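Asks:
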Amino acid sequence: MEYLRYGECGIRIVFGDTIDPAINSRVINYYRHLKSKEITGIIDIVPSFNACLIIFDNTQIEFLRLLNTLRENEAEAVSPIESKPQIHEIPVRYGGEYGPDMGFVSSYTGLSEKEIVHIHASTVYTVYTIGFIPGFPYLGVLDKRLFVPRLTTPRTSVPAGSVGLAQLQTGIYTFESPGGWQIIGRTDMRLFDYNNPPYSLLQTGDRVRFIPV
Amino acid sequence: MIEIINPGLQSIVVDNGRYGFADIGVPASSALDGFAYKAVNLLTGHLNSPPVIESIGPMFSLVFHSNMTFAITGAWVDGTIDDRPLTSWQSIKAKKGSILKIKRVLKGFRYYLGFSGIMDLEKIMGSYTTNMECHFGGYGGRPLKKGDTIRFTFIKEISEKSMDSDTIPNMDPPHILRVVDGPEEGFFREDCIGVFFRESYKVSPKSNRTGITLAGPPIEFKEGVEKSIISEGVLPGTIQIPGDGMPVILLHERTVGGYARLGVIARVDQDLLAHLKPGDDVVFKRLSLGEAEQLWMQRQKKIKNLLKFD
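This is how it looks when you write it as structure tokens:
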């Protein structure tokens, strides 16, 4: 792992340079340890596929002091946490009005709609990171047979609950928002509730399985 | 209580931001001009982080249904209180029935309206600020409309005062933004980086509260370099370069991004981002991290002294 400065208020801790379940699980371990430490001056921690961004306030803690604190915690923070990941089952209506890009995905991959649904719903995905909009999970790894590019022109509005594909990832739009992923279905499940902690049903490191309904 | 007569182009409730939830994709959505936010609170007797109104454009108007003191900071405005001209960066007493009107914005883009009471709004995830994309926080998760009313608690009696003029930043274009290198600075052609720091860019009309898009000489990637990165956490003020080579400066509405990051606007210049409006010229100057830190600390010192004037 590498500690890299990013602007005045960021430290990137980079664990690798590929999308890889083993690298991501080290990121998640590290993030959980660090979050539990509640170090003064750290404002936010953003775990992602292969890195953890620490956002700090340099008027509360100097960069070098924070870096030392992080190094002192390193051995503990990279040791694996023994815990069973949480698995969430998410019901999805595939195709039709809920999956406007099903036709494109079918012609691009050469698979029938039935095959696409079967392949998409038979993997247990890992939440690699959450972001872009609150609660939006980047799920991987998608079966290679379902690899599709993003839309050339993103939609200005994608309905909340839409399930999409982009390259080797799948994800769920938690709010109505603009978006460029290929939409194959929709869930009625509410994944983000800003009134009730922990707000996001899915947390980085959780597992997700889609159930066709 | 206040009642909105005209919200102008757009008026939203903001505070100093929603922090601690970037790991579940929740951005800060804070007041874009942090100093103007601090100043308006100082002028209206607050030392904590109450909600204020962030507004753009002309025609804003409201009526006071209670006696209280208010102030406007950020962009300099041409406005009146009960038909008497008012001055920005100064607290002013309003009476029950007083009407505040903003005719136009003179300098800068976003202005901040603060009051000597606390708006009776609900904190969502620890903050009063509005997440406009996802419709939560602030005033029912949306911009203010004609007829909206906001009640206040703890209205304080405070004296009128004004801000020391040499603490008020210049908001006139061309805007000079100082930049430190970003994580992927090495992805871009050196001649393009040279041009980036030499030529000027124009703020595109595509800009919004999520990001400022610039138009000017495109920044090209070195031969054989990936044009995107594995999505990763991003800081406010980050200059991203999408495939078309036109720089986009991220504000406070995104937690992760997948575009290569050329640089980060120095913290000392980040408040100025609130005042970049479509058509303005922008010039970038390169700074080392050490220089950027030093400028920020100097600015902090100046602001700290300001807090003592009461």
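Protein sequences appear in the order of chains G and S. In this text, residue positions in the first sequence follow our numbering: the first is 1, and each later residue adds one. In this text, residue positions in the second sequence follow our numbering: the first is 1001, and each later residue adds one. Each residue gets a CB set at the ideal place from its N, CA and C atoms; glycine is no exception. None of these values were measured; they are calculated from a predicted model.
Could you have a look at H1327(S) and say whether DSSP puts it in helix, strand or coil?
Replies: Given a span of 1001 to 1310 for chain S in the structure shown, any question on residue 1327(S) remains unanswerable.
Asks: How close, in whole Å, do the beta carbons of V1040(S) and V1052(S) come, if the pair is a contact with beta carbons under 8 Å?
Replies: 6 Å
Asks: On the three-state DSSP scale, how would you describe S1228(S)?
Replies: strand
Asks: Can you find a CB in chain S that lies within less than 8 Å of the CB of F56(G)?
Replies: no
Asks: Using DSSP with H/G/I as helix, E/B as strand and the rest coil, what is L111(G)?
Replies: coil
Asks: On the CB-based measure, 16 or more other CB atoms within 10 Å of its CB, does F1309(S) come out buried or exposed?
Replies: Bear in mind that a pLDDT of 49 at F1309(S), under 50, signals an unreliable position, so the number given afterwards is only what the model happens to contain. Looking at its Cβ environment, which holds fewer than 16 other Cβ atoms inside 10 Å, F1309(S) is exposed.
Asks: Give the secondary structure of N948(S) by DSSP, where H, G and I count as helix, E and B as strand, and everything else as coil.
Replies: Missing from the structure shown is residue 948(S); chain S here goes from 1001 to 1310 and no further.
Asks: For V27(G) and E62(G), I'd like the C-alpha separation in whole angstroms.
Replies: 24 Å
Asks: Name the DSSP bridge partner or partners of N1131(S)?
Replies: F1136(S)
Asks: Give the DSSP bridge partners of L168(G), in chain order.
Replies: DSSP output for L168(G) lists no bridge partner at all.
Asks: Could you name the residues of chain G that I1024(S) contacts, counting a contact when the two beta carbons are closer than 9 Å?
Replies: Those within 9 Å of I1024(S) in chain G are I130, G131, P134, G135, F192, P198, Y199, S200, L202, Q203 and T204.
Asks: Return the CA-CA distance between S122(G) and I183(G), expressed in angstroms with no decimal places.
Replies: 18 Å
Asks: Decide if the stretch 1096 to 1111 of chain S is in contact with the stretch 1137 to 1151 of chain S; the criterion is three or more beta carbon pairs, one per stretch, under 8 Å apart.
Replies: Result no; under three Cβ-Cβ pairs closer than 8 Å.
Asks: Can you confirm whether M1132(S), when its beta carbon is compared against all beta carbons of chain G, has any partner nearer than 8 Å?
Replies: Contact of M1132(S) with chain G is not assigned, every C-beta pair being separated by 8 Å or more.
Asks: Counting only beta-carbon separations shorter than 8 Å, does E1293(S) have a partner in chain G?
Replies: It does: the Cβ of E1293(S) has a partner Cβ on chain G nearer than 8 Å.
Asks: State the Cα-Cα distance for the pair L1214(S) and F1284(S), rounded to the nearest angstrom.
Replies: Taking the straight line joining both Cα atoms gives about 12 Å.
Asks: What do you get for L1272(S), buried or exposed, if any count of 16 or more other CB atoms within 10 angstroms of its CB means buried?
Replies: buried
Asks: Please compile the residues from chain G whose C-beta is within a distance smaller than 7 Å of the C-beta of T1255(S).
Replies: V46 and G131
Asks: Tell me, please, which residues DSSP counts as bridged to M1119(S).
Replies: The partner list for M1119(S) (beta bridge, DSSP) reads F1152(S).
Asks: Let me see if you follow: with CB-CB separation under 8 Å, is I19(G) close to chain S or not?
Replies: By this cut-off, I19(G) is an interface position.
Asks: Please report the distance separating the alpha-carbon of L66(G) from that of S1231(S).
Replies: Approximately 24 Å between the Cα atoms of the pair.
Asks: Determine, using beta carbons only, whether G1117(S) comes closer than 8 Å to chain G.
Replies: no
Asks: Could you tell me whether any Cβ in chain G is nearer than 8 Å to the Cβ of L1289(S)?
Replies: yes
Asks: Report the rounded CA-to-CA distance for I11(G) versus G96(G), giving the unit in angstroms.
Replies: Between I11(G) and G96(G), the C-alpha separation is close to 45 Å.
Asks: Give the single residue among L1042(S), K1302(S) and G1263(S) whose Cα lies nearest to the Cα of F1197(S).
Replies: With distances taken between Cα atoms, F1197(S) lies closest to G1263(S).
Asks: For the alpha helix (DSSP H) containing R186(G), name the first residue and the last one.
Replies: No alpha helix (DSSP H) holds R186(G); the beta strand (DSSP E) holding it covers Q182 to R186.
Asks: Please name the residue, chosen from E1003(S), F1152(S), N1208(S) and G1025(S), that lies closest to M1119(S) on a Cα-to-Cα basis.
Replies: F1152(S)
Asks: Can a CB atom of chain S be found closer than 8 Å to the CB of F210(G)?
Replies: For F210(G), the answer is no, since every Cβ of chain S falls outside 8 Å of its Cβ.
Asks: Could you tell me whether the Cβ atoms of K1146(S) and P1007(S) are closer together than 8 Å?
Replies: yes
Asks: In this structure, what does DSSP give as the bridge partners for W1076(S)?
Replies: K1107(S)
Asks: In chain order, which continuous runs of the alpha helix (DSSP H) of length 4 or greater are located wholly inside the stretch 44 to 88 of chain G?
Replies: 63 to 78
Asks: Are any of the Cβ atoms in chain G nearer than 8 Å to that of E1232(S)?
Replies: yes
Asks: I'd like to know whether the C-beta atoms of T187(G) and F136(G) end up nearer to each other than 8 Å.
Replies: no
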